[in-house]
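> Line by line, the protein sequences give chains S and F. In terms of full-length UniProt numbering, the first sequence opens at residue 1 and continues consecutively. In terms of full-length UniProt numbering, the second sequence opens at residue 1 and continues consecutively. Virtual Cβ for every residue (Gly too), placed ideally from N, Cα, C. Have a look at the structure that comes next, please.
There are 2 protein chains.
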Amino acid sequence: MTGPVRGSRERMVFSAAQLIRRDGVTATGMRDVVTHAQAPRGSLQHHFPGGKQQLVNEAVDWAGRYAAKRIARFLSEMPEPSPSLLFAAMVRQWTDEYQTTGFAGGCPVAAATVDCAHATDATRQAAAAAFAAWSRPVAQALTDMGVPAEQAGSLATLMISALEGAILIARAEQDVRALLTVARELGPLLDAASSDARRGSTGESH
Amino acid sequence: MTGPVRGSRERMVFSAAQLIRRDGVTATGMRDVVTHAQAPRGSLQHHFPGGKQQLVNEAVDWAGRYAAKRIARFLSEMPEPSPSLLFAAMVRQWTDEYQTTGFAGGCPVAAATVDCAHATDATRQAAAAAFAAWSRPVAQALTDMGVPAEQAGSLATLMISALEGAILIARAEQDVRALLTVARELGPLLDAASSDARRGSTGESH
DNA sequence: CAGCTACTATGACGGCTGTCATAATCGGAT
DNA sequence: ATCCGATTATGACAGCCGTCATAGTAGCTG
Numbered sequence: 001m002t003g004p005v006r007g008s009r010e011r012m013v014f015s016a017a018q019l020i021r022r023d024g025v026t027a028t029g030m031r032d033v034v035t036h037a038q039a040p041r042g043s044l045q046h047h048f049p050g051g052k053q054q055l056v057n058e059a060v061d062w063a064g065r066y067a068a069k070r071i072a073r074f075l076s077e078m079p080e081p082s083p084s085l086l087f088a089a090m091v092r093q094w095t096d097e098y099q100t101t102g103f104a105g106g107c108p109v110a111a112a113t114v115d116c117a118h119a120t121d122a123t124r125q126a127a128a129a130a131f132a133a134w135s136r137p138v139a140q141a142l143t144d145m146g147v148p149a150e151q152a153g154s155l156a157t158l159m160i161s162a163l164e165g166a167i168l169i170a171r172a173e174q175d176v177r178a179l180l181t182v183a184r185e186l187g188p189l190l191d192a193a194s195s196d197a198r199r200g201s202t203g204e205s206h
Numbered sequence: 001m002t003g004p005v006r007g008s009r010e011r012m013v014f015s016a017a018q019l020i021r022r023d024g025v026t027a028t029g030m031r032d033v034v035t036h037a038q039a040p041r042g043s044l045q046h047h048f049p050g051g052k053q054q055l056v057n058e059a060v061d062w063a064g065r066y067a068a069k070r071i072a073r074f075l076s077e078m079p080e081p082s083p084s085l086l087f088a089a090m091v092r093q094w095t096d097e098y099q100t101t102g103f104a105g106g107c108p109v110a111a112a113t114v115d116c117a118h119a120t121d122a123t124r125q126a127a128a129a130a131f132a133a134w135s136r137p138v139a140q141a142l143t144d145m146g147v148p149a150e151q152a153g154s155l156a157t158l159m160i161s162a163l164e165g166a167i168l169i170a171r172a173e174q175d176v177r178a179l180l181t182v183a184r185e186l187g188p189l190l191d192a193a194s195s196d197a198r199r200g201s202t203g204e205s206h
């Protein structure tokens, strides 16, 4: 709707995100991105005058927005949403990919953080923004399910932390075990936070 | 005890781990490692005939053994150990570093996984072994605290996953918030698993 | 002394990287 | 037809990378 052949520029950002999450930022060359996106090499300096940094930052931004949209989609597909079901859906996205496509890629935001957090501050900020964009709809969904507002943000951070860590372990082990484990162990805790609130209990832990 | 000036070889492995966790595997050059370790460049091909791959793999191995030793030390320093206190100690190691030294580095095993899991299978296996070496003493400690054996491994995976993810987020945000959050939110769940078991409860979980 | 092994020094090689300078092409609007 | 901005093509540049070939030194053993 905006571009002619669906924007070669957008294709490059998308391809960058895909290659980054597979090989890391430093190991991903601009020529690789151009090839993967089937885009003209000459367009690079026109669309991304800021060089590789700009391309990487936009890829990280895109990943953050993508993750946020997935949360919305998960919720819309859920007849009776609950915290544990949302987390299970987030995890299942990864187990599905790993079981069908293989363990080639991880999270592009994690890759950018590991590779650029120290060397390139702008990319570090982009990663922080991506985590925030991802976390916001999760926390909002938790409050909608009855989790007290001051705990929703914390649980969202916990969910994303556990998911990111499990992705790492699953990729290293080439086994979805870690992903299934965190979903199983964390589910009851998440649901307890929403049902406790629905019951109106304030002081707990006996 | 084995080397003359405490082994230039060991220094290179250690420096490799430090640089990898700061800049990532690909961005860390062998010349950088030699410089950082103040080691003779000519020793590289003698001590690491397998090239960069061998050096990286040994650095990952070292990191795994180091993490395992830290668990043992945490436990030995704890008068009355509990799952939540162990996890708090694991988290505090990172908040301490970040608050005193800055947010320069992350976990070297995570960096190796992100950077090499797809390209270099041997490094991926080294990362998996490091996670296993790290997880084993955690699970053992949990069983010693009364967590049922079949749940101890799962909780160890959950702890390491949440910690790794929180490290990522903390580094991106340059704020220890995520680390403090996972410690606070996960603590009660961990202690419940050990006290439940001590009470002898067997079947429920839904 | 020689001889052997462990370690170090040095320089070079091909290949890849991000970036840039320059020019060509294309699509509309005038 | 002419012009102009947006897009693309192409080639080159300096710099870094991991690796290797070769030679040298130190230290122990005979």
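Starting from the beta carbon of E150 of chain S, find every residue of chain F whose beta carbon is closer than 7 Å, and list them in chain order.
Correct list: empty, because the minimum Cβ distance to chain F is about 12 Å.
> Hey, how far is the Cα of G105 of chain F from the Cα of E97 of chain F?
9 Å
> Step through the CB atoms of chain F and report whether any lies within less than 8 Å of the CB of G203 of chain S.
Unreliable placement is indicated for G203 of chain S, whose pLDDT of 44 sits below 50; the coordinate value is still reported in the next sentence. Not closer than 8 Å to any Cβ of chain F, the Cβ of G203 of chain S fails to qualify, so no.
> Would you kindly check if the distance between the Cβ of R21 of chain S and the Cβ of C107 of chain S is under 8 Å?
yes
> Does the region 171-190 of chain S come within contact of the region 107-126 of chain F, defined as at least 3 CB pairs closer than 8 Å?
yes
> Span of the alpha helix (DSSP H) holding F87 of chain S?
P83 to T101
> List the whole-angstrom C-beta distance separating T95 of chain F from L179 of chain F, where the pair is believed to meet the contact cut-off of C-beta under 8 Å.
5 Å
> Run through chain S and tell me which residues come within less than 9 Å of F131 of chain F, C-beta to C-beta.
L168, I169, A172, E173 and A178
> Starting from V56 of chain F, find everything on chain S with Cβ-Cβ shorter than 8 Å and list it in chain order.
In chain order: nothing, as chain S lies at least about 13 Å away.
> Should the region 182-194 of chain F be regarded as contacting the region 69-89 of chain F, the criterion being three or more beta carbon pairs within less than 8 Å?
yes
> Could you check which residue in S:Q18, S:V114 and S:A130 has the C-alpha nearest to that of A67 of chain S?
S:A130
> For A23 of chain S, which of helix, strand or coil comes out of DSSP?
Checking the displayed sequence, the identity of residue 23 of chain S turns out to be Asp instead of Ala. Three-state result, D23 of chain S: helix.
> What separation, rounded to the nearest whole angstrom, lies between the Cα atoms of S154 of chain F and A156 of chain S?
21 Å
> In its own chain, which residues sit with a C-beta less than 7 Å from the C-beta of L44 of chain F, not counting the 5 before and 5 after it?
Exclusion of the five residues before and after L44 of chain F leaves M30 and V34 as the residues of its chain whose Cβ lies within less than 7 Å of its Cβ.
> Of all the CB atoms in chain S, is at least one closer than 8 Å to the CB of V147 of chain F?
no
> Mind listing which residues of the UniProt domain "HTH tetR-type" (16-59) of chain F have their C-beta closer than 7 Å to chain S's C-betas, in chain order?
R22, D23, G24, T26 and A27
> What is the DSSP secondary structure of M12 of chain S, reduced to helix, strand or coil?
Here M12 of chain S sits in helix by DSSP.
> Less than 8 Å separating the beta-carbons of E58 of chain F and A110 of chain F?
no
> Quick check on S194 of chain F: does DSSP put it in helix, strand or coil?
helix
> Could you check whether the Cβ of R6 of chain F sits closer than 8 Å to any Cβ belonging to chain S?
no
> Looking at C-alpha atoms only, which residue of F:A37, F:L19 and F:T26 is the closest neighbour of G7 of chain F?
For G7 of chain F, the nearest C-alpha among the options comes from F:A37.
> Since T113 of chain F contacts Q53 of chain F with CB under 8 Å, what's their CB separation in whole angstroms?
15 Å between Cβ atoms; not a contact.
> Taking 8 Å as the CB-CB cut-off, is T113 of chain F touching chain S?
yes
> Can you give me the C-alpha to C-alpha distance between M134 of chain F and T143 of chain F, rounded to a whole angstrom?
Note that residue 134 of chain F is Trp in the sequence shown here, rather than Met. Looking at the two C-alpha atoms, the distance is approximately 15 Å.
> Buried or exposed: which applies to A149 of chain F, given that a residue is buried once 16 or more other Cβ atoms fall within 10 Å of its Cβ?
exposed
> Would Q151 of chain S pass as a contact of A193 of chain S if the rule is Cβ separation under 8 Å?
Going by C-beta atoms, Q151 of chain S is nearer than 8 Å to A193 of chain S.
> Identify the contact partners of R70 of chain F in chain S, using a Cβ-Cβ distance below 8 Å as the criterion.
None at all; the shortest Cβ gap to chain S is about 17 Å.
> Counting C-beta neighbours from all protein chains within 10 Å, is the total for S205 of chain S 16 or more, i.e. buried, or is it exposed?
With a pLDDT of 44 at S205 of chain S, under the threshold of 50, the modelled position of that residue is not reliable, and no figure is offered here.
> At the 8 Å Cβ level, is R73 of chain S part of the contact set with chain F, yes or no?
no
> Using the three-state DSSP reduction, which class does S201 of chain F fall into: helix, strand or coil?
Note that S201 of chain F scores a pLDDT of 49, beneath 50, so its modelled location is shaky and nothing firm can be said.
> Excluding sequence positions up to five away, which residues of its chain have a Cβ less than 7 Å from the Cβ of S201 of chain F?
Caution is warranted here: a pLDDT of 49 is assigned to S201 of chain F, below 50, making its placement in the model unreliable, and the coordinate value is therefore given only provisionally. Hits under 7 Å: none found.
> Since residue 221 of chain F meets chain S, which of its residues come closer than 7 Å, beta carbon to beta carbon?
Any question about residue 221 of chain F goes unanswered here, given that chain F covers just 1 to 206.
> Of the choices F:A166, F:P137, F:P188 and F:L189, whose alpha-carbon is the least far from that of R65 of chain F?
F:P137
> What separation, rounded to the nearest whole angstrom, lies between the Cα atoms of V147 of chain F and G102 of chain F?
Cα to Cα, V147 of chain F sits roughly 35 Å from G102 of chain F.
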